[in-house]
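Notes for the one structure printed next.
Number of protein chains: 2
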Amino acid sequence: MLKTASDTDILFRRLHRSTGLSVADLEGLETLPVRIREFGRNETISREGDRVAHCLLVLDGFVMRFQDTRDGKRQILSFYVPGDIPDLQTLHLPTMDHSVASITPARLAMIPHAAIWDLCERNPLLARALWRETLIDASIARTWVRCVGRLSAHARVAHILCELYTRLDAVGLAEEPIPMPITQSEFGDAMGLSVVQVNRTLRDLREAGLITVQKRQMRLHDLARLQQVADFNPLYLHLDPAER
Amino acid sequence: MLKTASDTDILFRRLHRSTGLSVADLEGLETLPVRIREFGRNETISREGDRVAHCLLVLDGFVMRFQDTRDGKRQILSFYVPGDIPDLQTLHLPTMDHSVASITPARLAMIPHAAIWDLCERNPLLARALWRETLIDASIARTWVRCVGRLSAHARVAHILCELYTRLDAVGLAEEPIPMPITQSEFGDAMGLSVVQVNRTLRDLREAGLITVQKRQMRLHDLARLQQVADFNPLYLHLDPAER
DNA sequence: CGCTAGTTTGAAAAAACTCAATTGGCGTGG
DNA sequence: CCACGCCAATTGAGTTTTTTCAAACTAGCG
């Protein structure tokens, strides 16, 4: 198998799961010219205000997007796992309105916009699949607004855990113990909470027998009850094959 | 001028401003078959879980999207003004993951998905313009996450006022006094605050000489300082013609 | 004129934050 | 192999912000 084929394979699997499209439907994907870049932990990958000409496909590791505030706080806008394209929106909005950074050491494929445009022109099914991906990303952002705006600290933390579990499960990465390299401080920056509050909330969830989070791994002991606490409805992830 | 042409005219102007595309580029827009529906104040237009087959174009009035929480709270996810399409994402995600409702009496054009798909197939520039619209919508949602998650009550309220002003200005609706039919309770549900807090915050902003909000109208007396308080950077609205 | 929705204010309670200090795990250099 | 240093997790205590509850007030409308 060609190198590029193996690198875009995770993207194929992702789009296949999300849209039901077959190898034939997604024809051309393996021809995308990708350049691989490796990052260490906590490295900034692109910055608010940058004008970019490529998209990033996560091959390995966890990645996040964030915005800063004037007084030095940080809001994480989303987490990305292998198979995700954290900045697909730059395809049509090339100026970054937020920053992207690695959480863990990460391996990313950089795909030139021009190559994606070309391919989309020749393959409308792919164009549609990518558009759909950006719409799911938007749906997740909206749900975070609800989460941060109206849920209690307990519900917020439970919610992000449910989301990460569900998304990891969808790419086959949710075998227990589930890899969870996100620090409590990062959970706080994502859910609009302080580290202290995240810590106490995790303790409460642990003491309630719902979860174990330690050594960068997590176990969900009672998903149903966790989802209950989180007021979690997976609809917003649009993973259901019935909806296409 | 044909009825449909006049109804989609606001959409044309909107896409023209956003993308720079001309009448010729957006050819076919005026042929979209639209059905006009009128709503009173505070009417639900579509509901979380619904499966829809058309998009809504706001012709007149203010519209919002929202999600409820189990304990009866509500989070508003975005506001829409004339020229906006609040549910463009249903084009590829037909199951509503939130609800849409009118704020004021509103006149909406309902456009069948199939008609939009057809047109997009024949006119790739239009497809691209609509994709871009959904990406801006997503960018706004991300910025709301930051706003609700990390800004103080004062900054949040100032921020939403800056956003609404900027977006209304972009469609020529920001002549002072600026129409502002959104209630304090709705501002609260949008910014993750209680009515009481919104009220006190507006009072503070008024006493600081920044704004006047009354009788469903608002005046911004010192936009620069309001943006300062809001930590507002209009980049996320992607209105700059330089970026395309 | 009375009703209703929306705004305004006061006061007490709750949630979450900040500050500060301690603990634990892990990698690295001696 | 151990000690050191660093980052992350943990805990206590006091403070701040925001919420909740309750009650008035106001403006538009039939």
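Chains as they are written, first to last, in numbering that gives the first Met the number 0: chain A, 0 to 243; chain B, 0 to 243. Note that CB positions come from ideal geometry on N, CA and C, so glycine has one too.
- Which residue from A:Ala-229, A:His-53, A:Leu-124 puts its Cα closest to that of A:Leu-20? A:Leu-124
- Please specify which runs of the beta strand (DSSP E), each continuous and at least 3 residues long, are wholly inside the segment 82 to 143 of chain B, giving them in chain order. 98 to 101, 105 to 111
- Task: Examine the Cβ distances between the segment 36 to 49 of chain B and the segment 92 to 110 of chain B and report whether three or more of them are shorter than 8 angstroms.
- Result: yes
- Item | Beta-carbon proximity list for B:Lys-2, same chain, < 8 angstroms, skipping 5 on both sides | Note on B:Lys-2: pLDDT 41, under 50, position unreliable in the model; the coordinate value appears next. Counting only Cβ-Cβ distances below 8 angstroms, and skipping sequence neighbours, we find nothing.
- Taking the CB atoms as reference points, tell me whether B:Leu-150 and A:Thr-133 lie closer together than 8 angstroms. no
- Query: Which of the three DSSP states, helix, strand or coil, is assigned to B:Leu-184?
  - Reply: Note that residue 184 of chain B is Ser in the sequence shown here, rather than Leu. It is helical.
- Query: Does B:Thr-165 have its Cβ less than 8 angstroms from a Cβ in chain A?
  - Reply: no
- Item | DSSP bridge partner residues for B:Asp-67 (one or two, in chain order) | B:Arg-73
- Item | Residues near B:Asp-8 by beta carbon distance below 6 angstroms, same chain, minus five either side | none
- Pull up the distance between the alpha-carbon of B:Phe-11 and that of A:Tyr-164, whole angstroms please. 42 angstroms
- Mind listing which residues of the segment 137 to 162 of chain A have their C-beta closer than 7 angstroms to chain B's C-betas, in chain order? Ala-137, Ser-138, Ala-140, Arg-141, Trp-143, Val-144, Arg-145, Val-147, Gly-148, Arg-149, Leu-150
- Task: Grab me the residues of B:Asp-230's own chain with a C-beta within less than 8 angstroms of its C-beta, minus the 5 sequence neighbours each way, in chain order.
- Result: Leu-150, Ala-154, His-158
- Name the residues in the segment 217 to 240 of chain A whose C-beta lies less than 7 angstroms from a C-beta of chain B; which are they? Asp-230, Leu-234, Tyr-235, His-237
- Proximal chain A residues relative to B:Asp-117, where beta-carbon distance stays under 8 angstroms: The contacting residues do not exist; B:Asp-117 stays about 12 angstroms from chain A at best.
- Item | Residues in the segment 68 to 81 of chain A having any Cβ partner in chain B nearer than 9 angstroms | Thr-68, Arg-69, Asp-70, Lys-72, Arg-73, Gln-74, Ile-75, Leu-76, Ser-77
- Query: With distances taken from CA atoms, which of A:Asp-70, A:Gln-213, A:Val-197, A:Val-195 is nearest A:Arg-175?
  - Reply: With the sequence shown as reference, residue 175 of chain A is identified as Glu, and Arg is not the correct amino acid for it. Looking at the Cα atoms, A:Gln-213 is the closest of the given residues.
- Just checking, does the segment 206 to 220 of chain A make contact with the segment 62 to 76 of chain A on the three C-beta pairs under 8 angstroms criterion? no
- Message: Between B:Leu-56 and chain A, is any beta-carbon pair separated by less than 8 angstroms?
- Response: no
- Item | Check: B:Ala-137 C-beta below 7 angstroms from any heavy atom of the ligand SAH | Ligands are entirely absent from the displayed structure, and the ligand SAH is therefore not among its contents.
- Going by DSSP, name the residue or residues bridged to A:Gln-213. A:Gln-216
- Item | Expected contact under 8 angstroms - CB spacing of A:Met-95 and A:Tyr-79 to nearest Å | Contact flag wrong, Cβ pair sits at about 15 angstroms.
- Task: Decide if the segment 111 to 131 of chain B is in contact with the segment 50 to 69 of chain B; the criterion is three or more beta carbon pairs, one per stretch, under 8 angstroms apart.
- Result: yes
- Message: Can you confirm whether B:Pro-111, when its beta carbon is compared against all beta carbons of chain A, has any partner nearer than 8 angstroms?
- Response: no
- Does the distance from the CB of B:Val-156 to the CB of B:Leu-201 come in under 8 angstroms? yes
- Message: Below 7 angstroms on C-beta distance, what does B:Gln-183 contact in chain A?
- Response: Correct list: empty, because the minimum Cβ distance to chain A is about 16 angstroms.
- So, is the C-beta of B:Asp-96 closer than 8 angstroms to a C-beta in chain A? yes
- Message: Give me, in chain order, the residues of the same chain whose beta-carbon lies closer than 7 angstroms to that of A:Leu-24; leave out the 5 immediate sequence neighbours on both sides.
- Response: Reading off the sequence, residue 24 of chain A comes out as Asp, not Leu. Taken in chain order, the residues that qualify are Leu-124.
- Query: By a C-beta neighbour count over all protein chains shown, 10 Å radius and 16 as the cutoff for buried, is B:Met-0 buried or exposed?
  - Reply: Note that B:Met-0 scores 36 on pLDDT, short of 50, meaning its location in the model is unreliable; the coordinates nonetheless yield the value given after this. Classification for B:Met-0: exposed.
- Task: Give me whichever residues DSSP pairs with B:Glu-37 in a beta bridge.
- Result: B:Arg-106
- Query: A:Glu-162 and A:Ala-100 look like a contact to me (Cβ under 8 angstroms); what is the Cβ gap, rounded to whole Å?
  - Reply: Contact doesn't hold; Cβ gap of about 19 angstroms is too wide.
- Task: Under the assumption that B:Trp-143 contacts A:Val-22 (Cβ atoms under 8 angstroms), give the Cβ distance between them as a whole number of angstroms.
- Result: In fact, because the Cβ distance is near 38 angstroms, the residues do not count as touching under 8 angstroms.
- Message: Just to confirm, is the Cβ distance from A:Ser-98 to A:Arg-40 under 8 angstroms?
- Response: no
- Item | A:Asp-59: first and last residue of the uninterrupted beta strand (DSSP E) it sits in | 53 to 59
- Task: Figure out for me which residue from A:Arg-141, A:Ala-223, A:Leu-204 has the closest Cα to the Cα of B:Asp-67.
- Result: A:Arg-141
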